[in-house]
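Counted from 1, the sequence shown has number 296 at position 291 by my numbering; the numbering is strictly sequential.
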Amino acid sequence: MSQPIRLGTLSRDEIHVDKRRVGISYSGGGPLVLVELGCAKAFIECGIRPVAIAGVSAGALAGAAHALDPVDGAGIDLACELLADIHRDTLALGWKTIAWRLLRKRTKFTSLGDNAPIGPRVVQGIQRRFEMDDVTLGSFPASGRPRLMIAATDRLSGESYWFPPETPLPEALIASSAIPAVFPWVHVQRDGQSRVLVDGGVVNNQPISELAIEEHCGTLFVCAVGSSMPALMPTNALNNALVCVDLMMHQAMKLEEELVRTKLGDRATIHHIHPPVAVEVQNYQFTRPVIRAVVEESRRLTAEWLEGLGFRQPTPAA
Numbered sequence: 006m007s008q009p010i011r012l013g014t015l016s017r018d019e020i021h022v023d024k025r026r027v028g029i030s031y032s033g034g035g036p037l038v039l040v041e042l043g044c045a046k047a048f049i050e051c052g053i054r055p056v057a058i059a060g061v062s063a064g065a066l067a068g069a070a071h072a073l074d075p076v077d078g079a080g081i082d083l084a085c086e087l088l089a090d091i092h093r094d095t096l097a098l099g100w101k102t103i104a105w106r107l108l109r110k111r112t113k114f115t116s117l118g119d120n121a122p123i124g125p126r127v128v129q130g131i132q133r134r135f136e137m138d139d140v141t142l143g144s145f146p147a148s149g150r151p152r153l154m155i156a157a158t159d160r161l162s163g164e165s166y167w168f169p170p171e172t173p174l175p176e177a178l179i180a181s182s183a184i185p186a187v188f189p190w191v192h193v194q195r196d197g198q199s200r201v202l203v204d205g206g207v208v209n210n211q212p213i214s215e216l217a218i219e220e221h222c223g224t225l226f227v228c229a230v231g232s233s234m235p236a237l238m239p240t241n242a243l244n245n246a247l248v249c250v251d252l253m254m255h256q257a258m259k260l261e262e263e264l265v266r267t268k269l270g271d272r273a274t275i276h277h278i279h280p281p282v283a284v285e286v287q288n289y290q291f292t293r294p295v296i297r298a299v300v301e302e303s304r305r306l307t308a309e310w311l312e313g314l315g316f317r318q319p320t321p322a323a
């Protein structure tokens, strides 16, 4: 059985937050990571500097991209470049590949595709763009960047598993985005025990509580994606299952957000960001035109929304 929402187990006196400390939460959402990258661009343009960023699944990738360069957005540009090279064959999601795996594995069939190829691409991209080797979660705050918090789900205990600082970034990204049935579960050895990890969004698709508890963030930006556009007719069994699971997770994360609002009261400010941007990406077939269009539309809508709250884009120096 999964654990209760962590914030719900603490009394108000046990929770200490400071509105000067900004935290950003990125939810899971598969291809909707493009929307989150646009949100990240808007945060940077409006001069919002978080002390911590939390993300799961696709939100882990968006969060890492944001945390790599929270001032100029080079990490977001890198993420867009990497996604442009991702397609269904990269992730072994071509129908011929899936059919062959089904025939070969049969009852030992673990997943339709494989997200492990993302790891080397992330490593090479960060080395090329930032000249950083062996990037771990702990290297973000150590280099003056925001703390990056990424979670997966422990399949055996049913609890969120937050990766420790020594975890290599690619390992955390792959395990956090191990969508059940789509990508394989991940085995890791931690604290002297073996863990079986799946997608972090399974039990905590919108990590908010941890930003308040661990980093005492009293100003929280909640970037939620999914379930905002009119639903389309199901195209196949997998599509139907994924959309329905997304609906369930989206409802659960709204409940957690409401719990955080109730628990923290006027001691914290929570901004829910959900730009209504359509993403026409099937089977993770990203293209550069789609990436540019979605990221830009999300950036524009988010920036307009932030400016309406009083967050203005910094005026360039004369």
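Quick reminder that beta carbons are idealized off the backbone N, C-alpha and C, glycines included. Note that the coordinates shown come from a computational prediction; the quantities given were computed from them, not determined experimentally.
Buried/exposed call for residue i, threshold 16 Cβ in 10 Å
{"i": "N120", "result": "buried"}
{"i": "D204", "result": "buried"}
{"i": "E261", "result": "buried"}
{"i": "M254", "result": "buried"}
{"i": "T115", "result": "exposed"}
{"i": "L66", "result": "buried"}
{"i": "A322", "result": "Below a pLDDT of 50, predicted positions are generally treated as unreliable, and A322, at 48, falls in that range; no measurement from the model is reported."}
{"i": "D77", "result": "exposed"}
{"i": "A273", "result": "buried"}
{"i": "L84", "result": "In the sequence as displayed, the identity of residue 84 is Ala instead of Leu. Flag for A84 reads buried."}
{"i": "L107", "result": "exposed"}
{"i": "C249", "result": "exposed"}
Residue i versus residue j - alpha carbon distance
{"i": "A257", "j": "V265", "result": "13 Å"}
{"i": "E171", "j": "M238", "result": "44 Å"}
{"i": "Q290", "j": "I20", "result": "43 Å"}
{"i": "P122", "j": "H92", "result": "11 Å"}
{"i": "V140", "j": "R160", "result": "26 Å"}
{"i": "G143", "j": "R133", "result": "20 Å"}
{"i": "P294", "j": "D94", "result": "19 Å"}
{"i": "A89", "j": "I296", "result": "7 Å"}
{"i": "P125", "j": "G270", "result": "43 Å"}
{"i": "E50", "j": "L98", "result": "36 Å"}
{"i": "R109", "j": "G315", "result": "58 Å"}
{"i": "D138", "j": "T240", "result": "42 Å"}
{"i": "G313", "j": "C44", "result": "15 Å"}
{"i": "L329", "j": "D18", "result": "Past the boundaries of the shown model lies residue 329; the chain is included only from 6 to 323, so the question cannot be answered."}
Nonlocal neighbours in the same chain, by C-beta distance under 6 Å from residue i, ignoring five residues either side
{"i": "D23", "result": "H221 and G223"}
{"i": "P185", "result": "V203"}
{"i": "S181", "result": "V61, S62, A65, I155, A157 and G205"}
{"i": "D82", "result": "none"}
{"i": "G33", "result": "V61, S62, A63, G64, G206 and N210"}
{"i": "C228", "result": "Y31, E41, C44 and I278"}
Strand pairing of residue i, partner residues [DSSP]
{"i": "W100", "result": "Note: W100 sits in no beta bridge, so no partner."}
{"i": "S165", "result": "T158"}
{"i": "C228", "result": "Y31 and I278"}
{"i": "T141", "result": "P173"}
{"i": "S199", "result": "Q194"}
{"i": "C222", "result": "D23"}
{"i": "G60", "result": "Y31 and I155"}
Own chain residues within Cβ distance below 8 Å of residue i, not counting five before or after
{"i": "V193", "result": "E176, A180, S199, R200 and L202"}
{"i": "A79", "result": "L73, R134 and F135"}
Min CB distance residue i to chain B below 8 Å
{"i": "R17", "result": "This model lacks chain B altogether; it includes just one protein chain."}
Counting pairs of beta carbons, one from the region 207 to 226 and one from the region 158 to 174, are three or more of them closer than 8 Å? The answer is yes - the region 158 to 174 touches the region 207 to 226, with three or more Cβ pairs under 8 Å.
Between the region 71 to 84 and the region 95 to 113, can you find at least three pairs of beta-carbon atoms closer than 8 Å? no
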